[in-house]
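Peer 1: With the UniProt record's numbering, letter number 283 in the sequence shown gets 283, and the count goes up by one each step, no holes. Positions of the beta carbon are idealized from the N, C-alpha and C atoms, including for glycine. Mind having a look at this structure? Questions to follow.
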Amino acid sequence: MSVPYTCVPILPHFGAEVRDFSLDGHEPLPADVVQRIKEDMKLHRVLVFKGQGRLSGARQVQISQQLGTIESTFYKHPRSPHPDIFRVSNDEREGCLGVGTSGWHLDGTFQTKPFKYQTMHFHSVCQGGETWFVPLKEFYEMQDDQTKARWDRYWMVTREGLAHPLVYRHPVREDTTMMFHCGPHFCRAWCVDGDASTPAERQLSSMLPPNVVQEELGERLDMAVEKIGIKMCWEEGDFAINDNLGNCHYAAPGTQNPKSKAGLRILHRTTIAGEDVPSKEDGRRSFYCQHPP
């Protein structure tokens, strides 16, 4: 069987680029290409298709629909080319400002089933407009045993009252991943498991204020991105697919550099709905925390 495209790893353990392969067209992507993308997403977690020009909003949505169900819960900017395209910029006349800059995070933590993928298509880039990515399996594994054991007891309570396990099992890769948002308005508190003879029997016993864990995660991620992550310097025409459940990301402050000095940034993003409720190895899952301890 012929290989539809070739991946070039960005890091040995994380990320890949695809060159000399066009995503443009009017017909849906062939089934073998879609299957290959899903397999490569499981392996690499971030795919960047280089040199795609400016795909139409309709084409980006068509490709996204082949990856899953599109979830469009965001504000619709007047310049967005399609209702399912989230248009982001460093110029409020061109797109939404400040997106993803509040802290390290995964998208869709307010959902029972957080988002599976994002597609990110750069029609224009600005100087300093990097997106930082950290793979969560490796991030968890680089911590000492005491920290891993402590984190395994934490549950992030969102402002909607939804409690997600900080540490859980990736539904596709079946390895360890994490669920959090370090933005100050996205987390209400952290619930902490008490002791029990087995993890599955643990009950919530105490709470921590949101900033305690958010600041710890943020500081450790700032260090980890230099060792195991990617500071992605985008180029015009890049079309990226991100495994939202396997990585956390952060829009660097430079994404908001003024257009007059750094150039115009235009990002078109789609979001693919999640299919799974975050579940720990012991079977416990995300839940609505109506009466925290």
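Which class does Phe287 belong to by DSSP, given the choice of helix, strand or coil?
Peer 2: strand
Peer 1: If I measure Cβ to Cβ from Val213 and keep anything under 7 Å in the same chain, skipping five residues before and after, which residues do I get?
Peer 2: Tyr154 and Trp190
Peer 1: What is the DSSP secondary structure of Val34, counted as helix, strand or coil?
Peer 2: Here Val34 sits in helix by DSSP.
Peer 1: Ordered along the chain, which non-local residues of its own chain (more than five positions away) have a Cβ less than 6 Å from that of Thr271?
Peer 2: Glu71, Phe115 and Gln118
Peer 1: With burial defined as no fewer than 16 other Cβ atoms inside 10 Å of the residue's Cβ, what is the status of Cys182: buried or exposed?
Peer 2: buried
Peer 1: Report all residues from its chain with a CB closer than 8 Å to the CB of Val277; omit the five preceding and five following residues, and keep chain order.
Peer 2: Thr112, Lys113, Arg285 and Ser286
Peer 1: For Asp40, which of helix, strand or coil comes out of DSSP?
Peer 2: Asp40 falls in the helix class under three-state DSSP.
Peer 1: Rank His26, Gly57, Gly129 and Tyr140 by C-alpha distance to the C-alpha of Met223 and give the top, closest one.
Peer 2: Among His26, Gly57, Gly129 and Tyr140, the Cα nearest to that of Met223 belongs to Tyr140.
Peer 1: Rounded to a whole number of angstroms, what is the C-alpha to C-alpha distance between Asp91 and Thr176?
Peer 2: Going by the C-alpha atoms only, they are around 38 Å apart.
Peer 1: With DSSP collapsed to three states, give me the class of Arg59.
Peer 2: helix
Peer 1: Looking at C-alpha atoms only, which residue of Ala16, Pro199 and Gly194 is the closest neighbour of Met207?
Peer 2: Gly194
Peer 1: Is there a Cβ from chain D that is less than 8 Å from the Cβ of Pro4?
Peer 2: Reference to chain D is not applicable here, since this structure consists of a single protein chain.
Peer 1: Is it buried or exposed, Tyr168, if we count other Cβ atoms within 10 angstroms and call 16 or more buried?
Peer 2: buried
Peer 1: Under the three-state reduction of DSSP, which class applies to Gly218: helix, strand or coil?
Peer 2: In the structure shown, Gly218 sits in a helix (DSSP, three-state: H, G or I).
Peer 1: If you count every other CB in all the chains shown that lies within 10 Å of the CB of Ala31, and 16 or more means buried, which is it?
Peer 2: exposed
Peer 1: Going by DSSP, name the residue or residues bridged to Asn242.
Peer 2: Beta bridge pairing from DSSP links Asn242 with Val46 and Gln118.
Peer 1: Short of 8 Å in beta carbon distance, which residues of its chain neighbour Val61, apart from the five on each side in sequence? Order them along the chain.
Peer 2: Ile70, His82, Asp84, Ile85 and Thr270
Peer 1: Can you tell me whether Phe139 is helix, strand or coil according to DSSP?
Peer 2: helix
Peer 1: Once DSSP output is grouped into helix, strand and coil, what is the label at Thr271?
Peer 2: strand
Peer 1: Closer than 7 Å by C-beta to Asp40: which residues in its own chain qualify, once you throw out the five before and the five after it? Chain order, please.
Peer 2: Cys7, Ala16 and Leu47
Peer 1: Let's test the definition: count the other Cβ atoms within 10 Å of the Cβ of Gly100 and tell me whether it reaches 16, buried, or not, exposed.
Peer 2: buried
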